[in-house]
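Data first, discussion second: the structure below is written as structure tokens.
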Amino acid sequence: MTATISQHIGRIPLVAVVSLWLALPAAPGFGQDPAPATREAFRKHPEEIQGAKSRPGGKPSSISFVNNTADPVRIYWLDDEGKRDSRPGAGELLQPGKISGMNATAGAAFVVTDPAGNGLEFHYAEEKSYRVEIGGPRVNFAIPERKYEEVTCGQWMISIEQSLLETDAAAAEKASKRLATNLDRILGMLPAHSHGAIKSTRLFIMQGKAAPGGGFDSGLEYIADKQPEYVRSLDPKWNHAMIIYSARNYADLSDLWAMKAPLHEMAHSYHASRWPQDQPDIEGAWKNAVLKGLYRQVKDCESGAMIDAAYAITNGLEYFAELSTCYFSRINYPPEDRAGLKAYDPEGYEMIRKMWEVKDP
């Protein structure tokens, strides 16, 4: 069914909702783990992790971890002798609700521990890159089935969760209009040859935690084509799609984040439409940034808080998405914009120009 949001205004009074932007759930590896190990399974089979070790020779892949527990955890790669990685940065605390991603090869073994180093669960990287949800998935978007109404907003068709329209149509309208406006601006920023990938990306706006089936109170995410086939907790309709998990949250974001977030996800969409996840130019520039210690101990330009490791350094996929956003718009930490990027990370700057096939104006 196609409708306009104005048809839903007035159903209920507008309720003020306070929501926080907790993190930017992106899509490292454009995939997820359909059946992550559980703490219970780990405790039942401690001898299995005691003997776990990486199997060499696997194909390049990537793995990311989302901490769905209430406590910080650590993640260690295990070498081919079963020893934990002891290099600088290994085992950094992953706070609740946060994401950590890394490149790997199929057969690489990882152990998740508590802050003291006691094992909680373990995982092997597979040929298909995926995301592990530590502690299990927080929300099942596949069951029960989510209902949507398709709403036309300018040149964009947006699928809005039906329960959102029934309970907070004002937030749905504000979020949809803001998204459509920013997507129009994004098309104006990006080269014409990339518009096909952007325009073909399906758009979904969700109610958030208050939805009958549950949800998240913040965040955007790009879901690659066929990714729901490997992740039972994703809505099967979410193929080549960008999800806004909370309409109220997106409506209330600062202007910087309301632009940065969808541009970041559309960079993932463009990447997925053109290259494999381990595209050599992107991986090379990212590894160079890691070796140089870039994007560490930077200050958030909005909150003033220090960021130990900025999102750009997570892996090659997030590096490309964050630097794309930095080049065409702004990000919330140094180098912030195009001029800053050119001075701070010239290799990354040249990589972005090459991958997007652009020249400076």
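In terms of the UniProt record's numbering, the sequence shown has 117 at position 117, counting the first letter as 1, and numbering is strictly consecutive. Ideal Cβ placement from N, Cα and C applies to all residues, glycine included.
query	result
Of the choices 57, 89, 248 and 95, whose alpha-carbon is the least far from that of residue 297?	89
Report the partner residues of residue 100 according to the DSSP bridge assignment.	65
Note down, one range per segment and in chain order, each beta strand (DSSP E) of at least 3 residues found wholly within the stretch 282-347.	296-299 and 306-309
Taking DSSP's pairing of strands, which residues face residue 60 in a bridge?	105
Runs of 3 residues minimum, wholly inside the stretch 138-162: which ones carry the beta strand (DSSP E) assignment?	148-153 and 156-161
Quick test of the definition: if touching needs 3 or more C-beta pairs under 8 Å, does the stretch 111-125 touch the stretch 196-209?	no
Of the choices 355, 324, 347 and 351, whose alpha-carbon is the least far from that of residue 189?	324
Assuming residue 362 is part of the alpha helix (DSSP H), what are its boundary residues?	A query on residue 362 cannot be resolved here, the shown segment of the chain reaching from 1 to 361 and no further.
At 4 residues or longer, what runs of the alpha helix (DSSP H) sit wholly inside the stretch 168-242?	169-189 and 195-200
What residue from 320, 162 and 95 has the CA that sits closest to residue 74's CA?	95
What do you get for residue 86, buried or exposed, if any count of 16 or more other CB atoms within 10 angstroms of its CB means buried?	exposed
Any beta carbon of chain B sitting closer than 8 Å to that of residue 84?	This model lacks chain B altogether; it includes just one protein chain.
Using the C-alpha atoms, what's the distance from residue 119 back to residue 218?	30 Å
Closest to residue 133 by CA distance: which of 98, 150 and 268 is it?	98
Per DSSP, what are the beta-bridge partners of residue 132 in this structure?	65
Give the DSSP bridge partners of residue 89, in chain order.	Residue 89 is not bridged to any residue.
Are three or more beta carbon pairs between the stretch 261-278 and the stretch 310-320 nearer than 8 Å?	yes
If you reduce the DSSP assignment to three classes, tell me which class residue 38 lands in.	Confidence at residue 38 is low in this model, with a pLDDT of 37, below 50, so its placement is unreliable and the value that follows should be read with caution. Of the three classes helix, strand and coil, the one that applies to residue 38 here is coil, per DSSP.
So, for residue 194: in the same chain, excluding its five sequence neighbours on each side, which residues have a beta-carbon less than 6 Å away from its beta-carbon?	270
Can you tell me whether residue 59 is buried or exposed? The criterion is at least 16 other CB atoms within 10 Å of its CB, across all chains shown.	exposed
For residue 183, is the classification buried or exposed, using 16 other Cβ atoms within 10 angstroms of its Cβ as the cut-off for buried?	buried
Could you tell me whether the stretch 282-294 touches the stretch 345-354, where touching means 3 or more Cβ pairs closer than 8 Å?	yes
Spell out a yes or no on whether the stretch 234-241 and the stretch 133-144 are touching, meaning 3 or more CB-CB pairs, one atom from each, closer than 8 Å.	yes
Looking only at its chain, what residues have a beta carbon closer than 6 Å to the beta carbon of residue 326, apart from the 5 residues adjacent to it on each side?	341
Applying the 10 Å Cβ sphere with the 16-neighbour rule, what's the burial state of residue 155?	exposed
Using the beta-carbon count (16 or more within 10 Å), is residue 32 buried or exposed?	Unreliable placement is indicated for residue 32, whose pLDDT of 33 sits below 50; the coordinate value is still reported in the next sentence. Label assigned to residue 32: buried.
Closest to residue 66 by CA distance: which of 56, 82, 93 and 81 is it?	93
Give the straight-line distance between the Cα atoms of residue 306 and residue 331, rounded to the nearest whole angstrom.	15 Å
Going by DSSP, name the residue or residues bridged to residue 244.	205 and 220
Quick one: any contact between the stretch 247-258 and the stretch 169-184, if contact means 3 or more CB pairs under 8 Å?	yes
If you reduce the DSSP assignment to three classes, tell me which class residue 121 lands in.	strand
Only counting the same chain, and skipping five residues up and downstream in sequence, which positions put a Cβ closer than 7 Å to that of residue 105?	58, 59, 60, 61 and 125
Can you give the beta carbon distance from residue 333 to residue 299, rounded, assuming they're within the 8 Å contact cut?	7 Å
Taking the C-alpha atoms as reference points, what is the distance between residue 280 and residue 131?	22 Å
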